[in-house]
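J.:
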Amino acid sequence: MSFLNWMAVLGSLLLILTLASTYLRWLPVTTSTLYLAFGLAIGPLGLEIWQVDFREIAGWLERLTEVAVLISLFIGGMKLRLRFRHPAWFGAYLLAGPVMLASILGVALVCHYGLQLNLGVSLLIGALLAPTDPVLASLVQVSHARDFDRVRYGLSGETGFNDGTAFPFVIFALLFIEHAESTNGWLLEWALQRLLWAVPAGLLIGFCLGRGVGRLAIYLRARHADAALSPNDFFGLALIALAYFFAETLGAWGFLAAFAAGVGLRHAEIDSSGRSAIPAENRVPAQVKEGAVAQSAPAQIDEQAATPHIAAGVLIGDILSFGHILERILEVLLVTLLGALLALHWDWRAVPLGLALFFVIRPLSVWLLVRVKGVNARQRLLIGWFGIRGIGSLYYLSYALNHGLAQGAMDDAIALTLSVVALSIVLHGLTTQPLLDRYERQQERSEKP
């Protein structure tokens, strides 16, 4: 499809969403479901504007999905304000570790014994579908830095961690397919470099960079009283780029570094706020915000901007606002693209696989493994259902295709991954809002004296 046609398609979609936003808000479906339907409409089943095979676009799609996930991980990390030893984090650790491993194993078993795929391809598909999505799961994640709900916090932490912790197992599956006859020579190297080094190193690099550079930026803005005038949007992008660069250069996982950089920047804000319970972005006076919009800073604004927590609040608020815009744009583009690709790659085998993952493997893993203080049975059921698959799986699929996946394994991997992700968007898109509304009403009733 030509660039001119792409402009027409995206312009039409964005215009429809803008003009119909009042009505769409009341629909019991997520906007991602609508983007998917629009993609189907422009694909071979509809207007036939898009008729390109996934293999032909895997090169640039890998980079586009990578950028989308990096931005979403960083923004998600910035919303997580609790200390790491807080019980709310423990649920995230369990979801991104044991639950993810159980999901990989469960999907691999269904593929191998149920769909009769060879073991290597089964493991790969399990790894491709392992990460829950930080881009499409915004409704079930924390909405702001004071949202400490155990369901939202656990799911937010999970998406931040497992988009990076799934990477070693994608590499493992690719190596297993390549060296199917023997594990000699690569298994130990994989465990040492890709798992034991790359995971903690990525987290440490990102957190130290985000916290250190964040404290420096807040200090300089407060000292020069220019918080309302500095290009804070670019600061967030700079942190993402540098965290990714340093992590990948040192053999660590860039996704984990981007997430940890967001968490580190949030901790820099906590330091500047004297560990106040109220996030700094919620303490910025209206006149400072207006000064930032008007790009002018009279004397009274200068004086307020010289306060560290005000400087931190303006910085964090600007980055979050800009990041949300980028997330929405990339979500529209990528989910529409998925819908357009679906007609060429739909595989009915994804229906039993997806149902097994969403209704059995994920819920059962959560129910058995997520046993932490403060998470009751009802919350475990919700966490078990909200394992939304999306852009992260598309990235890993593109990566696998661009890094030596054999042709025989390629067809099954593409068809099943795209189809299960689309199924997740539909099923979770239809159920997320009603389930969340019911959950929030129950929480409100339980909190009343």
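Under this note's numbering, think of the first position of the sequence shown as 3, with each following residue one higher.
Even for Gly, the Cβ is constructed at its ideal location relative to N, Cα and C.
#1: Is the stretch 86-93 close to the stretch 68-78, with three or more CB pairs under 8 Å?
#2: Indicate whether the contact test is met: 3 or more Cβ pairs, each with one atom in the stretch 153-167 and one in the stretch 383-400, closer than 8 Å.
#3: What did DSSP end up calling Glu442 once you bin it into helix, strand or coil?
#4: What residues in its chain sit with their C-beta under 7 Å from that of Val101, if we drop five residues either side in the sequence?
#5: Can you tell me which of the three DSSP states Phe163 falls into?
#6: First and last residue of the alpha helix (DSSP H) that includes Tyr37?
#7: Looking only at its own chain, which residues have a Cβ that is under 6 Å from the Cβ of Ala245, when we skip the five neighbours before and after it?
#8: Identify, in the order they occur along the chain, each residue of the same chain with its Cβ nearer than 6 Å to the Cβ of Gly356, setting aside the five sequence neighbours on each side.
#9: With a CB to CB cut of under 8 Å and the five nearest residues on each side skipped, what residues in its chain are close to His114?
#10: Would you check if the stretch 412-422 and the stretch 5-21 touch, i.e. whether three or more CB-CB distances between them fall below 8 Å?
#11: Short of 6 Å in beta carbon distance, which residues of its chain neighbour Ile363, apart from the five on each side in sequence? Order them along the chain.
#12: Under a three-way DSSP split, which group does Asn186 fall into?
#13: Can you give me the C-alpha to C-alpha distance between Ala39 and Ile331, rounded to a whole angstrom?
#14: Hey, quick one: how far does the alpha helix (DSSP H) through Ala262 stretch, first residue to last?
#15: My understanding is that Ala98 touches Gly159, with C-beta atoms under 8 Å, so please give their C-beta distance in whole angstroms.
#16: May I ask you to report which of helix, strand or coil DSSP gives Leu19?
#17: Under 6 Å Cβ to Cβ from Ala314, same chain only, skipping five residues before and after it: list those, please.
#18: Exposed or buried, Phe361, counting other C-beta atoms within 10 Å across all chains shown (16 or more means buried)?
#19: Nearest-angstrom Cα distance between Leu198 and Gly256?
#20: Any idea what DSSP makes of Ala243, helix, strand or coil?
#21: Hey, Ile321 and Asp414: beta-carbon distance below 8 Å or not?
#22: Which residue marks the beginning of the alpha helix (DSSP H) containing Thr67, and which one marks its end?
#23: Output yes if chain D places a C-beta closer than 8 Å to the C-beta of Phe361; else output no.
#24: Go through its chain and collect everything with a Cβ distance to Leu317's Cβ below 6 Å, but skip five positions before and after it.
#25: Tell me the rounded alpha-carbon separation between Glu50 and Ala358.
#26: Short check: CB of Leu126 to CB of Ile173, under 8 Å?
#27: Candidates Arg57, Ala43, Leu47: which alpha carbon is nearest Ala411's?
#28: How many whole angstroms separate the CB atoms of Thr67 and Leu336, which I take to be in contact at a CB cut-off of 8 Å?
#29: Using DSSP with H/G/I as helix, E/B as strand and the rest coil, what is His347?
#30: Taking Arg277 as the reference, which of Leu15, His311, Ala408 has the closest Cα?
#31: Starting from Arg463 and walking both ways along the alpha helix (DSSP H), at which residues does that stretch end?
#32: Can you list, in chain order, the residues of its chain with a C-beta nearer than 6 Å to that of Ser52? Leave out the 5 residues immediately preceding and following it.
#33: Rounded to whole angstroms, what is the Cα-Cα separation between Arg443 and Glu333?
T.: Concretely, from the data shown:
#1: no
#2: yes
#3: Looking up residue 442 in the sequence shown gives position 440. Here Glu442 sits in helix by DSSP.
#4: Here residue 101 refers to the residue found at position 99 when the sequence shown is read from its first residue. Once the five neighbours on either side are set aside, the close Cβ partners of Val101 are Ser367, Val368, Leu371, Val372.
#5: Numbered from its first residue, the sequence shown carries residue 163 at position 161. Residue state, collapsed to three classes: helix.
#6: Within the sequence shown, residue 37 is the residue found at index 35, counting from 1. Where Tyr37 is concerned, the enclosing alpha helix (DSSP H) stretches over 33-44.
#7: Residue 245 sits at position 243 when you count from the first residue of the sequence shown. Excluding positions up to five away in sequence, the list reads Gly208, Leu211, Ala259, Ala260, Ala263.
#8: Taking the sequence shown and counting its residues from 1, the one referred to as residue 356 is at position 354. Counting only Cβ-Cβ distances below 6 Å, and skipping sequence neighbours, we find Val422, Leu425.
#9: By one-based count along the sequence shown, residue 114 stands at place 112. Asn120, Leu121, Ser124, listed in sequence order.
#10: no
#11: To locate residue 363, count along the sequence shown from 1; it is residue 361. Once the five neighbours on either side are set aside, the close Cβ partners of Ile363 are Ser105, Gly108.
#12: Taking the first residue of the sequence shown as position 1, residue 186 is located at position 184. The answer is coil: DSSP assigns Asn186 none of H, G, I, E or B.
#13: Looking up residue 39 in the sequence shown gives position 37. Looking up residue 331 in the sequence shown gives position 329. So the two alpha carbons sit approximately 17 Å from each other.
#14: In the sequence shown, the residue the question calls residue 262 occupies position 260. First-last of the alpha helix (DSSP H) with Ala262: 256-274.
#15: Along the sequence shown, read from residue 1 onward, the residue named residue 98 stands at position 96. Along the sequence shown, read from residue 1 onward, the residue named residue 159 stands at position 157. The pair is a contact, with the Cβ atoms about 7 Å apart (cut-off 8 Å).
#16: Position 17 of the sequence shown holds residue 19. In the structure shown, Leu19 sits in a helix (DSSP, three-state: H, G or I).
#17: On the sequence shown, residue 314 is found 312 positions in, with the first residue counted as 1. Correct list, in chain order: Ile220, Glu271, Ser274, Ala282.
#18: Taking the sequence shown and counting its residues from 1, one reaches residue 361 at position 359. Phe361 should be labelled exposed.
#19: In the sequence shown, counting from the first residue as 1, residue 198 sits at position 196. In the sequence shown, counting from the first residue as 1, residue 256 sits at position 254. Taking the straight line from one Cα to the other gives about 15 Å.
#20: The residue you call residue 243 lines up with position 241 of the sequence shown. Ala243: helix per DSSP, three-state reduction.
#21: Walking along the sequence shown from the start, residue 321 turns up at place 319. Walking along the sequence shown from the start, residue 414 turns up at place 412. Their beta carbons are not under 8 Å apart, which means Ile321 does not touch Asp414 by this criterion.
#22: Position 65 of the sequence shown, counted from the first residue, corresponds to residue 67. Where Thr67 is concerned, the enclosing alpha helix (DSSP H) stretches over 56-80.
#23: Protein chain content of the structure displayed is limited to a single chain, and chain D is not contained in it.
#24: Within the sequence shown, the letter at position 315 stands for residue 317. Asn234.
#25: Taking the first residue of the sequence shown as 1, we reach residue 50 at position 48. Taking the first residue of the sequence shown as 1, we reach residue 358 at position 356. Going by the C-alpha atoms only, they are around 32 Å apart.
#26: Taking the sequence shown and counting its residues from 1, one reaches residue 126 at position 124. Taking the sequence shown and counting its residues from 1, one reaches residue 173 at position 171. Cβ distance not < 8 Å, so Leu126 and Ile173 don't count as in contact.
#27: Looking up residue 411 in the sequence shown gives position 409. Residue Arg57 is the option with its Cα nearest to Ala411.
#28: In the sequence shown, counting from the first residue as 1, residue 67 sits at position 65. In the sequence shown, counting from the first residue as 1, residue 336 sits at position 334. That belief holds up - the Cβ atoms of Thr67 and Leu336 are roughly 6 Å apart, short of 8 Å.
#29: Taking the sequence shown and counting its residues from 1, one reaches residue 347 at position 345. Correct three-state label for His347: helix.
#30: Here residue 277 refers to the residue found at position 275 when the sequence shown is read from its first residue. Here the closest residue by C-alpha is His311.
#31: A query on residue 463 cannot be resolved here, the shown segment of the chain reaching from 3 to 451 and no further.
#32: The residue you call residue 52 lines up with position 50 of the sequence shown. It is Trp, not Ser, that sits at residue 52 in the sequence shown. Closer than 6 Å at the Cβ level, and outside the excluded window around Trp52, lie Met3, Ile44, Gly45, Ala342.
#33: Taking the first residue of the sequence shown as 1, we reach residue 443 at position 441. Taking the first residue of the sequence shown as 1, we reach residue 333 at position 331. For Arg443 and Glu333, the distance between alpha carbons rounds to 29 Å.
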